[in-house]
Amino acid sequence: MNIPVTTTFTIEGYRITRYFGIVRGIIVRAPTIPQRMLGGLKSIIGGRVGAFTDMCEQARQQAYDLLIDHAVAIGANAIVGLRYDASDLGPGGTEVLCYGTAVQIEPER
Amino acid sequence: MPPADPIPPPESLEAEWLRLLEQSQRPLDEARPTAVLATPSQLSPTVHEDIRWWRPGWEDMRRYVGWRWVFLSPALLLLLCAIPAWRWPSVFNPFVLVGAKLAVFMGAVALTLAGYVVRRAARARREPFCIFCGYNLSGLPDHYRCPECGRPYTWRIIAEYRRDPEWFIERYRALRRLPPLAAPFDAGPVRRRRRDGT
Ligand SMILES: [Zn+2]
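Taken in order, these protein sequences are the chains called A and B.
Quick note on numbering: the first sequence equals residues 11 to 119 in my numbering.
Quick note on numbering: the second sequence equals residues 56 to 253 in my numbering.
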């Protein structure tokens, strides 16, 4: 299942033979109660707020999982031009969007 | 064809399963994004929406929780107190003692913790198992059918399911809601620029 995913638009040594269009993974997350509690306490002290970092990492991971699902479902074997985008959704909530172009690649001869 | 897996082929089926097991065990913060071992879109097309998924039972939860019961049991105890207090407030009412806000908050913490345990308990099963009926698939090969329910399985799908069953099911449902995609188009021939710039 290790499909190549890259932020670049080409993959060295491979040739893109087919474009499937844009694939995306989208997730909206708010901190869980323990994350909100720990994060709130840590925010008072300052420094790195691990609980909120975890929440953002989980949101990105889940958006990435959905992106791969989408690409594999339509028959792609690689994703190029991967980008992440995030926005605020009211207090505490965050929306993470992960998108890229699903392609079919084959080794260059 | 996708490029070859960088990991060399294992000598035996057991080694392959153990490698997948180790990957699905790995904490999320070790490597991000975590490698996606399989996707629900690889499930056989005969699998439909109304499927029953295997979910961890009490025994799996107990095995997963282990020493964590130290933290979990006070939260569960509070939840157990909150239910009678809500049903029969005159008989037993901790709200009077601790304040309604705190009790609601602790109840929410207990629910979150319980949900977390349910989601993670599938990892307590070390052997390969059918994600639909929970049948123990030890000793059976990869890419085969469950002898109990007859559904096809691959170890990678089991390992991905093991990572977080609820998330796997959610992804499976999300695939059904994907927007229709524009028609794919073929790439043209590559024109390489010559070194002299012409
Ligand atoms: Zn089965």
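Ideal Cβ placement from N, Cα and C applies to all residues, glycine included.
Original post:
Within this structure, are the beta carbons of B/R178 and B/R217 separated by less than 8 Å?
Top reply: yes
**OP:** Please confirm if A/L107 has its CB atom under 8 Å from at least one CB of chain B.
**Re:** no
Original post:
Leaving out the 5 sequence neighbours to the left and right, which residues in its chain are closer than 7 Å to B/Q78 when beta-carbon positions are compared?
Top reply: A90, L92 and A214
Original post:
Does the beta carbon of B/R226 sit closer than 8 Å to a beta carbon anywhere in chain A?
Top reply: B/R226 has a beta carbon lying within less than 8 Å of a beta carbon in chain A.
**OP:** Tell me whether B/D219 sits in a helix, a strand or coil according to DSSP, three-state version.
**Re:** coil
Subject >> is_contact[A/F30, chain B] using C-beta, thresh 8 Å >> reply: yes
**OP:** Report back the beta-carbon spacing between A/L92 and A/T27 to the nearest angstrom; my notes put them in contact at under 8 Å.
**Re:** No, A/L92 and A/T27 are not in contact; Cβ-Cβ is about 19 Å, not under 8 Å.
**OP:** Measuring only between beta-carbons, confirm whether A/T111 sits less than 8 Å from chain B.
**Re:** no
Original post:
Listing by chain order, which chain A residues have their CB less than 8 Å from the CB of B/R99?
Top reply: First, the amino acid is wrong: residue 99 of chain B is Ser here, not Arg. Under the 8 Å cutoff, chain A gives no residues; its nearest Cβ is about 14 Å from B/S99.
**OP:** For the segment 170 to 187 of chain B and the segment 112 to 121 of chain B, state whether three or more C-beta atom pairs, one from each stretch, are separated by less than 8 Å.
**Re:** yes
Original post:
Straight-line CA distance for A/P101 to A/I37?
Top reply: 16 Å
Subject >> Beta-carbon contacts of A/A69 that lie in its chain and below 7 Å, excluding the five residues immediately before and after >> reply: Same-chain partners within the cutoff: I37, R39, T104 and V106.
Original post:
Going by beta carbon distance, what residues of the same chain come within less than 8 Å of B/T209, once the five residues before and after it are set aside?
Top reply: A93, Q97, D197 and H198
**OP:** Whole angstroms is fine: what's the gap from A/L99's alpha carbon to A/I21's?
**Re:** So the two alpha carbons sit approximately 35 Å from each other.
Original post:
So, are the CB atoms of A/A83 and A/F30 less than 8 Å apart?
Top reply: no
Original post:
Under a three-way DSSP split, which group does B/R228 fall into?
Top reply: Residue state, collapsed to three classes: helix.
Subject >> Per-residue DSSP class, three states only, for A/A40 >> reply: Residue state, collapsed to three classes: coil.
Subject >> Classification of B/P72 by the beta-carbon crowding that lies within 10 angstroms, buried from 16 upward >> reply: The question names Pro, yet the displayed sequence has Trp at residue 72 of chain B. That one is buried.
Subject >> Under 7 Å from the C-beta of A/T42: neighbouring residues of chain B >> reply: T167
Subject >> Alpha-carbon spacing of B/F223 relative to A/M47, whole angstroms >> reply: 27 Å
Original post:
Listed by chain order, which residues have C-beta atoms less than 6 Å from any heavy atom of ligand 1?
Top reply: B/C185, B/F187, B/C188, B/Y190, B/C201, B/E203, B/C204 and B/R206
Original post:
Can we say the segment 226 to 242 of chain B touches the segment 63 to 79 of chain A, given the rule of at least three CB pairs closer than 8 Å?
Top reply: yes
Original post:
For a contact meaning CB atoms closer than 8 Å, what does A/V82 contact in chain B?
Top reply: Result: T94, S96 and Q97.
Original post:
Closest Cβ-Cβ distance between B/P183 and chain A: below 8 Å?
Top reply: no
**OP:** Just the C-alpha distance for A/L51 and A/P41, rounded to the nearest angstrom, thanks.
**Re:** 14 Å
**OP:** May I have the straight-line CA-CA distance separating B/A163 from B/L75, to the nearest angstrom?
**Re:** 34 Å
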